[in-house]
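As they're listed, the protein sequences go chains A and B. The first sequence begins at 1 in the numbering used here and counts up by one. The second sequence begins at 1 in the numbering used here and counts up by one. Beta carbons are placed, not taken as given, at the ideal position from N, Cα and C, and that holds for glycine. Just so it is clear, the structure is predicted and the values come from calculations on it, not from any experiment.
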Amino acid sequence: MSKAFSAIGEDREVERDEFTPGIEPQPTWCPGCGDFGVLKALKGAMAELGKDPEEVLLCTGIGCSGKLNSYFESYGFHTIHGRSLPVARAAKLANDGVEVVAAGGDGDGYGIGGNHFMHTARENHDMTYIVFNNEVFGLTKGQTSPTSPKGHKSKTQPHGSAKDPIRPLSMSLSAGASYVARTAAVNPNQAQEIIVEAIEHDGFSHVDFLTQCPTWNKDAKQYVPYVDVQDSDDYDFDITDRREAADLMHETEDALYEGTVLTGRYYKDENRNSYQAEKQQRGDMPEEPLAERYFDEDYDWERSYDFIERHK
Amino acid sequence: MTDDELIWRVAGGSGDGIDSTSQNFAKALMRSGLDVFTHRHYPSRIRGGHTYVEIRARDENVTSRGDGYNFLLALGDSFARNPSEHAVYGDEEVKPLSENLDDLREGGVIVYDEGLLDVEDVPNFEERAEENNWHVYPLDLRSLAKEHGREVMRNTAGVGATAALVDMDLDHIEDLMSDAMGGEILEQNLEVLHDAYEQVNEMEQSHDLTVPTGEHDEEQVLVSGSHGIAYAAIDAGCRFIAGYPMTPWTDVFTIMTNLLPDMGGISEQVEDEIAAAAMAVGASHSGVKSMSGSSGGGFALMSEPLGLAEMTETPLVLLEAMRAGPSTGMPTKPEQADLEHILYTSQGDSHRVAFGPSDPKECYEQTRTAFEIAYEYQIPAIVVYDQKLSGEYRNVDASFFDRDPKPDLGSTLTEDEIAEAPHDDTGKFERFRTDGVEDGVSPRSIPGQSGGRYLASGNEHWPTGHIAEDPDNRVAQVERRLQKLDAIGDDLDERDQQVVYGDEDADFGLIVWGSQQGTVEEAVARMNDDGNSVKALGVSDLSPFPVDEVREFIESVDEAIVVEMSSTKQFRGLIQKELGNVDGKLSSLLKYNGNPFEPAEIVEAVELEQDGGGEPTAQTTLEPAAGD
Chain A
1 MSKAFSAIGE DREVERDEFT PGIEPQPTWC PGCGDFGVLK ALKGAMAELG KDPEEVLLCT
61 GIGCSGKLNS YFESYGFHTI HGRSLPVARA AKLANDGVEV VAAGGDGDGY GIGGNHFMHT
121 ARENHDMTYI VFNNEVFGLT KGQTSPTSPK GHKSKTQPHG SAKDPIRPLS MSLSAGASYV
181 ARTAAVNPNQ AQEIIVEAIE HDGFSHVDFL TQCPTWNKDA KQYVPYVDVQ DSDDYDFDIT
241 DRREAADLMH ETEDALYEGT VLTGRYYKDE NRNSYQAEKQ QRGDMPEEPL AERYFDEDYD
301 WERSYDFIER HK
Chain B
1 MTDDELIWRV AGGSGDGIDS TSQNFAKALM RSGLDVFTHR HYPSRIRGGH TYVEIRARDE
61 NVTSRGDGYN FLLALGDSFA RNPSEHAVYG DEEVKPLSEN LDDLREGGVI VYDEGLLDVE
121 DVPNFEERAE ENNWHVYPLD LRSLAKEHGR EVMRNTAGVG ATAALVDMDL DHIEDLMSDA
181 MGGEILEQNL EVLHDAYEQV NEMEQSHDLT VPTGEHDEEQ VLVSGSHGIA YAAIDAGCRF
241 IAGYPMTPWT DVFTIMTNLL PDMGGISEQV EDEIAAAAMA VGASHSGVKS MSGSSGGGFA
301 LMSEPLGLAE MTETPLVLLE AMRAGPSTGM PTKPEQADLE HILYTSQGDS HRVAFGPSDP
361 KECYEQTRTA FEIAYEYQIP AIVVYDQKLS GEYRNVDASF FDRDPKPDLG STLTEDEIAE
421 APHDDTGKFE RFRTDGVEDG VSPRSIPGQS GGRYLASGNE HWPTGHIAED PDNRVAQVER
481 RLQKLDAIGD DLDERDQQVV YGDEDADFGL IVWGSQQGTV EEAVARMNDD GNSVKALGVS
541 DLSPFPVDEV REFIESVDEA IVVEMSSTKQ FRGLIQKELG NVDGKLSSLL KYNGNPFEPA
601 EIVEAVELEQ DGGGEPTAQT TLEPAAGD
């Protein structure tokens, strides 16, 4: 256990209610919103993993999904639209002991923050990223989003979107994420299991979380029935095989717009080092969490005078 | 013009090793007891294109480039071999000679590599040389280098020739070469150096220029503005930097990146500047002293995370190394026209601190101040400088850097302190409490600390950090954040980062900020020596602005010229915004051709203004006071 950060690594039974704020704010989510499913699964997963709320940093973007940390008790950073990932991954580099989870919507992660998504996956930062995928911009009242189906009509696409939707799973795989899964708010047990696995995975875990938006898009019924590709005999594939994973991801992405909801684990690479491990191997990152040093009164700080010789 | 100084310009193509050659020569001059000052001019190209470095050396403090120069070593552009390039850029090969003639002083010395350059290709060269009494020494540096070693050693040959022509001892040069290389390479270079030295000494010499002599009271180090900034960051305990390459900010980024791993720090080169600044915010939030930075275009991308740091009160230090704009502008040329950009970018009322240092020592001091203020008051602090200061080397007392590190996280609590701090009824830490805080600063906790959980949000928030639009809370939070700026203003008053020099009774003033300050300082000294009475104010605190000090200065003179590298008078605008009515006392001297001011241009402007105005001869612009 860390001296400066005693919430970290503490071994104890944790109740899911510890992740519920003492005074729970009035939810800004509509009745029937899939976002409640993410909140429930995340609380359950953290309790299952025995995480202390104060060793968790939840970084969110902007949108309905960004309100997640208003209802989830932990350290939180409600950042700006699309930028939760760089804030989150740096917080993790600064203190590896903190359990860092980032979350945001599909516009946040696949649109405005797409560049950060691609590079955080590429670098394989040891963290979890949950994308609330409701196929629409909810908070700003139903505009077409990167995952909206082709032909989606909204006030900003009155003639129907001419754009094919983005392929979040395929994009994640080719960018370099080492754990990729899709789950749905309508499947709470699978959702919690997947989030547990994602957090436990040593590397960048991407969970595309289907969250129905009953106000602007579909209601829960439209995500039922769903198929868990691990449980179905129709989908026999090896989740450690990049090519097989890619094929099934492609099929899954197409199927969603044809009314078939496929979910489950799609890819997992346990052999790839996390970014932190790669940096440490190169001597570019200390073994001890950097943040600890600032609370260590005995640390002998280096100073510029130590290497001024080279300028003489 | 007296030549009690050597201003040596080494010119070649990008990639010809001009930088390293000039570094070593500047160090040799410094070790011989002289004060040195370098000025770097280069194009935005990897290979080829005319580039030069100028070293000014004399036996007294040197704060500026000179007016023109007196010794040219023209190496020729060895990369200009492509005939089609000729058509686009003109005659590249001779540019190191032809482009440098306009500001070579009368009686100046020219050494050029006749192995690469033909003076027949330089229009009117013979006539100009005769007219200006230049002393020209053609040498086949290329063959000389090849004879003993390799062609790239022609720089060494040029240095040997220079030393012979200005009666400079080779000892320091040899020492520096031995420090930098060894074995056969060293031997060959030494042979090249000596051969060139001897060949020149056998030539008939007609010029009257020798290297000055001097002595330092203590050991010196040669550092740039970028070193000043980076070393201050190290001494302030900064161990995290994130960035994206961009000229000229890359200088600091590179220095830090090379130093940090050995001291267990982290450097991150990332996908864009939004991520860079956002990462500095994330690392700082997580308890590590952090910085990021860029130049104008990259800094534009940092606008969002800068605002996030302001609203979440996350300590953050950002750098902005200005270059000529707008847009891509002139990437390798200095300008001071990002002043308004750094002060006002990002939505809402800005809550930030900004300093504009003027030389490597101020770069160090003010970067230290930036870290102290940022972490004590939980606010972004920006150090704004430019391409000139970034790569400008000067000698500084080595003991200047013998300083205590100050790595503490400012107003950050330990777990024991958190236990004593106010929490709401549900046990949530009141990170952003508005009552009972000193100077508007509500101390913070760090993720992982027991009892410290809170929400940081770019939305307006309650004391626990939860999103709030309650009007009373909004007013209380806004006023608390503003209170920090008042406290910082008082703090900065005590640090007194402004400088006044010249004749304190003078009725005529100059006001300047940033990298042009040293040039104004020299101009003021020169004018006062010549019997004119002038004084100058160098401003470093850009936000909060030192209103009283600037007002006092303006009130003490009849008129003042604001000197800046900007075509829209941004600094003068800032003074007028902060001070209100300044009685039509301010006029402007502006330069925006990509080159920094020379002292003579300042002198000319003052004389013109004292005579009632007029057109400057140089590429500068005099703009009258409002209402004139």
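- Task: Classify Ala536(B) as helix, strand or coil using the three-state DSSP reduction.
- Result: Residue mapping note: residue 536(B) aligns to position 536 of the second sequence, counting from 1. Three-state DSSP puts Ala536(B) in a strand.
- Query: What residues of chain A sit near Thr426(B), judged by a beta carbon separation below 8 Å?
  - Reply: Here residue 426(B) refers to the residue found at position 426 when the second sequence is read from its first residue. Here the neighbours are Pro21, Gly22, Ile23.
- CA-CA distance, Asn69(A) and Ala121(A)? For the purposes of this step, residue 69(A) is taken as residue 69 along the first sequence, with counting starting at 1. For the purposes of this step, residue 121(A) is taken as residue 121 along the first sequence, with counting starting at 1. Spanning the two alpha carbons is a distance of roughly 23 Å.
- Query: When DSSP labels each residue in this structure, what does Gly15(B) get in the three-state scheme?
  - Reply: Your numbering for residue 15(B) matches position 15 in the second sequence. For Gly15(B), the three-state secondary structure derived from DSSP is coil.
- Mind checking the segment 272 to 289 of chain B against chain A and listing, in chain order, the residues whose C-beta falls within less than 9 Å of any C-beta there? Of all residues in the segment 272 to 289 of chain B, the ones placed with a Cβ closer than 9 Å to any Cβ belonging to chain A are Asp272, Ile274, Ala275, Ala276, Ala277, Ala278, Met279, Ala280, Val281, Gly282, Ala283, Ser284, His285, Ser286, Gly287, Val288, Lys289, in chain order.
- Inter-residue spacing [alpha-carbon to alpha-carbon] between Ala94(A) and Pro289(A): Within the first sequence, residue 94(A) is the residue found at index 94, counting from 1. Within the first sequence, residue 289(A) is the residue found at index 289, counting from 1. Taking the Cα positions, Ala94(A) is about 6 Å away from Pro289(A).
- Message: Using the three-state DSSP reduction, which class does Cys59(A) fall into: helix, strand or coil?
- Response: Here residue 59(A) refers to the residue found at position 59 when the first sequence is read from its first residue. Here Cys59(A) sits in strand by DSSP.
- Below 8 Å on the Cβ atoms is my guess for Phe253(B) versus Val317(B); work out the distance and round it to an integer in Å. To locate residue 253(B), count along the second sequence from 1; it is residue 253. To locate residue 317(B), count along the second sequence from 1; it is residue 317. About 13 Å separates the beta carbon of Phe253(B) from that of Val317(B), a gap too long to meet the 8 Å contact definition.
- Item | Burial state of Asp113(B) (16 or more Cβ within 10 Å) | Taking the second sequence and counting its residues from 1, one reaches residue 113(B) at position 113. Asp113(B) is buried by the Cβ-count criterion.
- Task: Given a cut-off of 8 Å, decide if Ile575(B) and Gly537(B) are closer than it, judged by their beta-carbon atoms.
- Result: Taking the first residue of the second sequence as 1, we reach residue 537(B) at position 537. Taking the first residue of the second sequence as 1, we reach residue 575(B) at position 575. It is Leu, not Gly, that sits at residue 537(B) in the sequence shown. Cβ atoms of Leu537(B) and Ile575(B): not closer than 8 Å.
- Among Leu343(B), Lys388(B), Gly307(B), Pro380(B), which one has its Cα closest to the Cα of Pro248(B)? Residue 248(B) sits at position 248 when you count from the first residue of the second sequence. Across the set Leu343(B), Lys388(B), Gly307(B), Pro380(B), the C-alpha of Lys388(B) shows the shortest separation from the C-alpha of Pro248(B).
- Task: Kindly identify the DSSP beta-bridge partner or partners of Met285(A).
- Result: Taking the first sequence and counting its residues from 1, one reaches residue 285(A) at position 285. Per DSSP, none; premise fails for Met285(A).
- Message: Please tell me whether Ala605(B) and Ile561(B) are closer than 8 Å, where the distance is taken between their beta carbons.
- Response: Position 605 of the second sequence holds residue 605(B). Position 561 of the second sequence holds residue 561(B). With contacts defined by Cβ atoms closer than 8 Å, Ala605(B) and Ile561(B) form a contacting pair.
- Residues that Ala163(B) contacts on chain A, provided the C-beta gap is smaller than 8 Å: Taking the second sequence and counting its residues from 1, one reaches residue 163(B) at position 163. What Ala163(B) touches in chain A: nothing, since even the nearest Cβ is about 20 Å away.
- Listed by chain order, chain A residues near His466(B) by CB distance under 7 Å: Counting from 1 along the second sequence, the entry for residue 466(B) is found at position 466. Within 7 Å Cβ-Cβ: Pro25, Ser70.
- Item | Of the listed residues Val478(B), Asp505(B), Lys333(B), nearest to Asn532(B) (C-alpha basis) | Start at 1 with the first residue of the second sequence, and residue 532(B) comes out as number 532. Ranked by Cα distance from Asn532(B), the options Val478(B), Asp505(B), Lys333(B) are led by Asp505(B).
- Message: Can you pull the chain B neighbours of Ser304(A), defined as C-beta to C-beta under 7 Å?
- Response: Translated into positions along the first sequence, residue 304(A) becomes position 304. Within 7 Å Cβ-Cβ: Tyr231, Ile234, Asp235, Phe401.
- Please go through the segment 19 to 89 of chain A and give each complete beta strand (DSSP E) segment of 3 or more residues, from N-terminal end onward. Within the segment 19 to 89 of chain A, the beta strand (DSSP E) runs of at least 3 residues that lie entirely inside it are, in chain order, 56 to 60, 75 to 78.
- For the segment 443 to 462 of chain B, enumerate the residues whose C-beta is nearer than 9 Å to any C-beta of chain A, in chain order. Within the segment 443 to 462 of chain B, the residues whose Cβ lies closer than 9 Å to some Cβ of chain A are Ser445, Ile446, Pro447, Gly448, Gln449, Ser450, Gly451, Gly452, Arg453, Tyr454, Leu455, Ala456, Ser457, Gly458, Asn459, His461, listed in chain order.
- Message: Using C-beta distances below 8 Å, list every residue in its chain close to Lys650(B), excluding the 5 sequence neighbours before and after it, in chain order.
- Response: The requested residue 650(B) is not part of the displayed model; chain B covers only 1 to 628.
- With distances taken from CA atoms, which of Leu104(B), Glu60(B), Ser457(B) is nearest Ala74(B)? Locating residue 74(B) in the second sequence gives position 74, counting from the first residue. Nearest of Leu104(B), Glu60(B), Ser457(B) to Ala74(B), Cα basis: Leu104(B).
- Partner residues on chain A for Gly264(B), Cβ-Cβ distance less than 9 Å: Working through the second sequence from its first residue, we reach residue 264(B) at position 264. The contacting residues are Met285, Pro286, Glu287, Glu288, Leu290, Arg293, Glu302.
- Item | Burial state of Asn189(A) (16 or more Cβ within 10 Å) | Against the first sequence, residue 189(A) aligns to sequence position 189. Exposed is the call here.
- Going along chain A, which residues have a C-beta under 8 Å from Glu174(B)? Working through the second sequence from its first residue, we reach residue 174(B) at position 174. Under the 8 Å cutoff, chain A gives no residues; its nearest Cβ is about 16 Å from Glu174(B).
- Task: Report yes or no: do the segment 450 to 460 of chain B and the segment 294 to 313 of chain B share at least 3 C-beta pairs separated by less than 8 Å?
- Result: Segments in contact, yes.
- From the DSSP output, in three-state form, read off Phe237(A) for me. If you number the first sequence from 1, residue 237(A) lands on position 237. In the displayed model, Phe237(A) falls within coil according to three-state DSSP, outside both helix and strand.
- What residues in its chain sit with their C-beta under 8 Å from that of Thr162(B), if we drop five residues either side in the sequence? The residue you call residue 162(B) lines up with position 162 of the second sequence. If we look at Thr162(B) and ignore the five residues flanking it on each side, its Cβ neighbours are Trp8, Phe25, Phe71, Leu73, Val111, Met168.
- Message: Are the CB atoms of Thr20(A) and Glu73(A) within a distance shorter than 8 Å?
- Response: Locating residue 73(A) in the first sequence gives position 73, where the first residue counts as 1. Locating residue 20(A) in the first sequence gives position 20, where the first residue counts as 1. Yes, the pair counts as a contact, with Cβ atoms nearer than the cut-off.
- Item | Proximal residues to Asp541(B) (C-beta, below 6 Å), its chain only, five neighbours per side dropped | The residue labelled residue 541(B) in the question sits at position 541 within the second sequence. Short of 6 Å from the beta carbon of Asp541(B), and not among the five residues preceding or following it, lie these beta carbons of its own chain, in chain order: Leu492, Gln497.
- Please name the residue, chosen from Asp231(A), Ser274(A), Val38(A), that lies closest to Ser313(A) on a Cα-to-Cα basis. A question about residue 313(A) goes unanswered here, because the residues of chain A that appear run from 1 up to 312.
- Task: Measure from the C-beta of His78(A) to each C-beta in chain B and report whether the shortest distance is under 8 Å.
- Result: Here residue 78(A) corresponds to residue number 78 of the first sequence, with the count starting at 1. Chain B, which has a Cβ nearer than 8 Å to the Cβ of His78(A), makes this yes.
- Show which residues of chain A have a CB atom less than 9 Å away from the CB atom of Ala242(B). Here residue 242(B) refers to the residue found at position 242 when the second sequence is read from its first residue. Proximity of chain A to Ala242(B) at the Cβ level (cut-off 9 Å) is accounted for by Pro86, Ala90, in chain order.
- Take Lys43(A) and list the residues in its own chain whose beta-carbon comes closer than 6 Å to its own, dropping the five residues that flank it on each side. Locating residue 43(A) in the first sequence gives position 43, where the first residue counts as 1. Hits under 6 Å: Arg16, Phe19.
- Query: Where does the unbroken alpha helix (DSSP H) through Ile602(B) begin, and where does it stop?
  - Reply: Residue 602(B) sits at position 602 when you count from the first residue of the second sequence. For Ile602(B), the enclosing alpha helix (DSSP H) starts and ends at 599 to 610.
- Item | Simplified DSSP state of Ala421(B), which is helix, strand or coil | Within the second sequence, residue 421(B) is the residue found at index 421, counting from 1. Secondary structure of Ala421(B) (DSSP, three-state): coil.
- Query: Since Glu55(A) meets chain B, which of its residues come closer than 7 Å, beta carbon to beta carbon?
  - Reply: If you number the first sequence from 1, residue 55(A) lands on position 55. Close to Glu55(A), with beta-carbon spacing below 7 Å, are these residues of chain B in chain order: Gly448.
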